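Structure, as structure tokens:
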Amino acid sequence: MPYNAVNISAQVRPTDWLLLHGRGERYQYENANVSTALVPDLESRGWRASSGATATFNTRWTLDGDFGLEHGPGAASRFADGTVTYSPNETFSFDLYGGSLARPLELRYLDATSRWIGGRAEWQVTSQQRIWSDLALVSDDRQRPDPSASSLDQFRIRAGLSVAFGSGADRTPLPPAHRTGQ
Numbered sequence: 000m001p002y003n004a005v006n007i008s009a010q011v012r013p014t015d016w017l018l019l020h021g022r023g024e025r026y027q028y029e030n031a032n033v034s035t036a037l038v039p040d041l042e043s044r045g046w047r048a049s050s051g052a053t054a055t056f057n058t059r060w061t062l063d064g065d066f067g068l069e070h071g072p073g074a075a076s077r078f079a080d081g082t083v084t085y086s087p088n089e090t091f092s093f094d095l096y097g098g099s100l101a102r103p104l105e106l107r108y109l110d111a112t113s114r115w116i117g118g119r120a121e122w123q124v125t126s127q128q129r130i131w132s133d134l135a136l137v138s139d140d141r142q143r144p145d146p147s148a149s150s151l152d153q154f155r156i157r158a159g160l161s162v163a164f165g166s167g168a169d170r171t172p173l174p175p176a177h178r179t180g181q
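Using numbering that gives the first Met the number 0, read the sequence shown as starting at 0 and increasing by one per residue.
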């Protein structure tokens, strides 16, 4: 189904330690020429917006937070999350993070809510290799007035190795400069 969108994003650095960013999008699906008996006029357009800030207090401490809203066909959501990062050097970093996501489900009952809190450790072995581990407690609640209501709390343990292949602007140095005729 064809999908059309217009979006805008901006970022500004009012001080050398603070970065502010925002993004907005308006979208619309083409008419599918379908209807249902229960919902004769299906919604075909929506919007989403988010904003946030990153504060880098020094080379070791960073604080990052985001907030967002979305409304569109079938559902809506609002979220907030944050991360505190400590990097004692260029090789290691440690994150503590948390957030919340609320999803009122338009064609279903009441709300679904997710919350999470966790930590991550990362070792930058080389410029192309990272080893990381992540521990998180995640809670997901679906509030309904029938037996389909559920609550799922879980403890997640993840670990991985990330390897960068190929080339990119951030990986390879610029070629040496050459003077042209004067």
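Positions of the beta carbon are idealized from the N, C-alpha and C atoms, including for glycine. The structure presented is a predicted model; accordingly, all values stated were derived computationally and were not measured.
For PHE91, DSSP records a beta bridge to TRP122.
Judged by beta-carbon spacing, ALA48 lies beyond the 8 Å limit of LEU19, meaning their Cβ atoms are not closer than that value.
Beta-carbon to beta-carbon, SER113 and SER138 are separated by about 7 Å, close enough to satisfy the 8 Å threshold. Within the same chain, and ignoring the five residues on either side of PRO1 in sequence, the residues whose Cβ sits closer than 8 Å to its Cβ are TYR28 and GLU29. Only buried fits ALA111, as 16 or more other CB atoms lie within 10 angstroms of its CB. In this structure, TYR96 and TRP60 do not form a Cβ contact; the two beta carbons are roughly 14 Å apart against a cut-off of 8 Å.
Beta-bridge partners assigned by DSSP to GLU24: ASN6 and ARG47. Beyond the five residues adjoining it in sequence on each side, ILE130 comes within less than 7 Å, by CB distance, of TRP122, VAL124 and LEU160 in the same chain, given in chain order. Taking C-beta atoms as the reference points, GLY51 and ASP65 count as a pair closer than 8 Å. Straight across, the Cα-Cα distance linking ASP94 with THR35 is about 47 Å.
Classified as buried, SER92 has 16 or more neighbouring CB atoms from the shown chains inside 10 Å of its CB. The shortest C-alpha to C-alpha distance from GLU24 to any of TRP16, ALA101 and HIS70 is the one to HIS70. Rounded to whole angstroms, the Cβ separation of TRP16 and PHE56 is 6 Å, and the two are in contact under 8 Å. Setting aside the 5 residues that flank it on each side, ARG157 is surrounded in the same chain by ASP133, each with a C-beta closer than 6 Å to its C-beta; the list follows chain order.
Assignment of VAL162 by DSSP, reduced to helix, strand and coil, places it in the strand class.
Looking only at PRO87, ASP63, ARG102 and LEU62, the smallest Cα-Cα distance to PHE78 is reached by ARG102. Nearest neighbour of LEU100 by Cα position, chosen from ALA4, HIS177, ASN3 and ARG141, turns out to be ARG141.
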